[in-house]
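One structure is given below, encoded as structure tokens.
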Amino acid sequence: MTDVQIKEKYAELALKTGVNLQKGQALMINAPIEGADFTRLVAKKAWQLGAKDVHINWVDDELTLLKYEYAPEEVIADYPEWKVKLHDTFAEDGGAVLNIRSTNPDLLKDIDPTRVAKANKAAAQALVNFRKYTMNDKITWSIISIPTADWAQKIFPDKSKKDAMESLWEAIIKIVRVDQEDPIKAWDKHNATLEKAREVLNKKNYHKLVFKAPGTNLEMELPKGHIWKGGSAVSEKGITFNPNMPTEEVFSMPHKYGVNGTVSSTKPLNYGGSLIDNFSLTFKDGQVVDFKAEQGEEVLKHLLDSDEGSRRLGEVALVPHESPVSQSGLIFYNTLFDENASCHIALGKAYPTNLEGGSKMNAEELDKHGVNDSLNHVDFMIGSEKLDIEGIKADGTTEAVFRNGTWALDVK
Ligand code: ZN
Ligand code: ZN
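Going by my numbering, the sequence shown opens with residue 1087, and the numbers climb by one from there.
Below you can see the structure in the form of structure tokens.
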């Protein structure tokens, strides 16, 4: 296959298996300007599939950086109303959203973390309504990535930009199964595997999970009525879609008041262009009461202090160490990939869809059931070949869920 043919296959996969674009539906794409060629391919395919409209929001790392360097404080701390309206009206109209995420992990390394925290918070607050559409699966949405030069070179520091880009394309294409004869079929099969794993966990209905690894000893209660999800999701209108490509996880929610102990990160976290690395968090009754980081401690502090819910957990995800992302042996500095190489947990908002009846509950009810709320949802990686997980049932029975970083339960 030629380069263009491979990219066409990827574009088609993102539209059909990712957002599952329907005839007459509008598509919004958030795309890196460096990836204009690929984005145009996606747009063309979307039109061919009968899209009502295709709207692109271009993301340009260099312009983002310039804004952080020069914009006055009040501009940094403001997310304009017209942008909010763009997102809200688009979601109300039932459009699909495709995010192509490829930010340079070192983009904001010289920017004052306070400014970054302010901008992130403003955006999160402004888009609170829009986020309900995605986090409750009211619309179909998907996150994918394509290589950009600075990001590729961060992963392959010894290669030229051109070679690094090629290597990263190669890695991504393999991980998202576009190298296979029929990627769409390959994804159907993959989704069926994840469905099996989540069914096993739903049947087990564990009361608690205990995570043990070097630097980690964490006891995590799961709320009554928690649901394990994974692979494809189904929108309110009954359309099956894949929120993340790749995805290798089955995930649920911790009880927001039921997490105790310490957990250590196993991969660097790229938090919107700032890296946090080798960090640990200590929890008491669900809340982070202590933390440290070898790199990016100040950024981590801002993240934890952004609101009450940012100190509590909103997701727990199990990923076997032999996942294809993990097998690539690469550290991507991009959560979409790194979280699918490793068990992870998320600080901040939980997906209400991970609780029976959750997407119909109001804030008070969600809190009572142990569902965390926050402006943030930030995943970070805690898995490795040294991770063991125990599952404890309500009657106290304990069994091995993970041993040495992979399934001890029979999930196949
Ligand atoms: Zn996850
Ligand atoms: Zn997450």
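From the three backbone atoms N, C-alpha and C, an ideal C-beta is built for every residue, glycine too.
Contact check for Gly1121 against Ser1188 passes: the beta carbons are separated by less than 8 Å.
The straight-line gap separating the alpha-carbon atoms of Ser1428 and Asp1474 is approximately 13 Å. Those residues that have a beta carbon less than 5 Å away from any non-hydrogen atom of ligand 2 are, in order along the chain, Glu1401, Ala1432, Asp1465. Thr1492 and Leu1287 have their alpha carbons spaced roughly 14 Å apart. At a cut-off of 7 Å, the beta-carbon of His1430 counts as near ligand 1: some heavy atom of the ligand is closer than that. Inclusion of Ile1186 and Ile1232 in the CB contact set at 8 Å is warranted, their separation being smaller than that value. Following the DSSP letters along the chain, one finds Leu1473 in no alpha helix (DSSP H), marked with neither H nor E. Between the C-alpha atoms of Lys1130 and Gly1136 there is a straight-line separation of about 10 Å. The three-state secondary structure of Ile1162, taken from DSSP, is helix. Boundaries of the beta strand (DSSP E) harbouring Asn1346: 1345-1350, taken from the DSSP string. Residue environment for Gln1211: exposed (fewer than 16 other C-beta atoms within 10 angstroms of its C-beta). Put simply, the segment 1439-1448 does not touch the segment 1276-1293. Fewer than three CB pairs are less than 8 Å apart. Taking each of Arg1217, Tyr1096, Leu1399 in turn and checking the Cα distance to Asp1268, the smallest one comes out for Tyr1096.
Within a 10 Å sphere around the beta-carbon of Trp1314 sit 16 or more other beta-carbons, which makes this residue buried.
With distances taken between CA atoms, Ala1319 lies nearest to Asn1222 out of Gly1359, Gly1382, Val1264, Asn1222. DSSP, read as helix, strand or coil, puts His1312 in strand. Remark: three or more beta-carbon pairs, one from each stretch, lie closer than 8 Å, so the segment 1348-1358 and the segment 1408-1422 are flagged as touching.
A contact between stretches requires three or more CB pairs, one per stretch, nearer than 8 Å, and the segment 1395-1402 meets this requirement with the segment 1369-1378. Taken in chain order, the complete alpha helix (DSSP H) segments of 4 residues or longer contained in the segment 1261-1343 are 1269-1290. When DSSP states are grouped into helix, strand and coil, Gly1121 belongs to the helix group.
Distance between Tyr1219 and Asp1174, taken at the CA atoms: about 9 Å.
Under the DSSP definition of a beta bridge, Trp1227 partners with Val1183. Here Gln1111 is buried. Its C-beta has 16 or more other C-beta atoms within 10 Å.
Positions of the beta strand (DSSP E) runs, each at least 3 residues long and wholly inside the segment 1425-1497, are given as 1430-1434, 1463-1467, 1474-1478, 1484-1489 in order along the chain. Runs of the beta strand (DSSP E) lying entirely within the segment 1190-1239, each at least 3 residues long, are 1227-1230 in chain order. In this structure, the C-beta of Glu1335 approaches ligand 1 to less than 7 Å from one of its heavy atoms. In this chain, the alpha helix (DSSP H) harbouring Gln1413 covers 1410-1413. In this structure, the CA atom of Val1264 is about 7 Å from the CA atom of Ile1092. Under the DSSP definition of a beta bridge, Asp1363 partners with Gln1381. C-alpha of Ile1162 to C-alpha of Ala1205: approximately 5 Å in a straight line. For Gly1400, the secondary structure class from DSSP, reduced to helix, strand or coil, is strand.
Secondary structure of Asp1376 (DSSP, three-state): strand. By the Cβ rule, the segment 1342-1353 counts as touching the segment 1448-1459, because three or more pairs are nearer than 8 Å. Distance from Gly1347 to Asn1303 at the Cβ level is roughly 5 Å; contact confirmed, criterion being Cβ atoms closer than 8 Å.
Judged by beta-carbon spacing, Asp1147 lies within the 8 Å limit of Asp1236, meaning their Cβ atoms are closer than that value.
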